[in-house]
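**Student:**
Numbering (our numbering), first residue to last: 220 to 450.
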């Protein structure tokens, strides 16, 4: 079921021919953080949201704009070349398959030209060769500058990434999945690294410059410790 809800001014036909980039909620939340960088640097328009009962409902104030941020939102650049999904909450246990089916239905209905799934995998399961090389791999359609994954058996902690990739491939949707090996912790630097790699491969940005993180990142780990407490 396609559960996309567009904003009143958006024509869903604009999805046709666009490249869709979406994150899998996975270890370290690296894909979500990377999509934050894309959204806050490129300033795509918020064109709607996905209302799906398989995803935990969350809501909060939008950053830098009036309105409410929801669990799964959809953004598109002005030239319609790039569409981004940002997912801020995980799926409920036992409902992942339903969510994957609904995402595939959404993607097929709106005729995206290509899909890039971003996911992260537990770095503790890497092989010796992977430990001594760049922490990125791809599955599916080749991605410039990234080596192909040696074995899917090495993937742990990828959320719905593998299931979504397989479902899209089975539906004959042009899809690539980019994997970054990561560990839980402060994954901000990982997100910048993944954003750089995706941009180098797909040329998302037409200009050079640093990525712009959202203001909310200032408080990812709370406020700074008051040094006077230790005097």
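We treat Cβ as the ideally placed atom computed from N, Cα and C, and that holds for glycine.
#1: Let me confirm a value: residue 248 is counted as buried when at least 16 other C-beta atoms fall within 10 Å, else exposed. Which label applies?
#2: What does the alpha-carbon distance come out to for the pair residue 312 and residue 408?
#3: Out of 341, 222 and 353, which has the shortest C-alpha to C-alpha gap to residue 293?
#4: Output the boundary residues of the alpha helix (DSSP H) element that contains residue 413.
#5: Can you tell me which residues form a DSSP beta bridge with residue 356?
#6: When the Cα atoms are used, what is the spatial distance from residue 424 to residue 237?
#7: Could you check which residue in 359, 352, 268 and 342 has the C-alpha nearest to that of residue 333?
#8: What residue from 414, 436 and 434 has the CA that sits closest to residue 428's CA?
#9: What does the Cβ neighbour count give for residue 285, buried or exposed, with the cut at 16 atoms within 10 Å?
#10: Inspect the beta-carbon positions of residue 354 and residue 400 and report whether they are closer than 8 Å.
#11: Between which two residues does the alpha helix (DSSP H) carrying residue 388 extend?
#12: Less than 8 Å between the beta carbons of residue 235 and residue 330, yes or no?
#13: Count the other CB atoms within 10 Å of the CB of residue 384; is the residue buried (16 or more) or exposed (fewer)?
#14: In three-state terms, what does DSSP make of residue 346?
#15: Could you tell me the alpha carbon to alpha carbon distance between residue 225 and residue 271, rounded to whole angstroms?
**Tutor:** According to the structure data:
#1: buried
#2: 29 Å
#3: 222
#4: 407–421
#5: 398
#6: 15 Å
#7: 359
#8: 414
#9: exposed
#10: yes
#11: 380–389
#12: yes
#13: buried
#14: coil
#15: 14 Å
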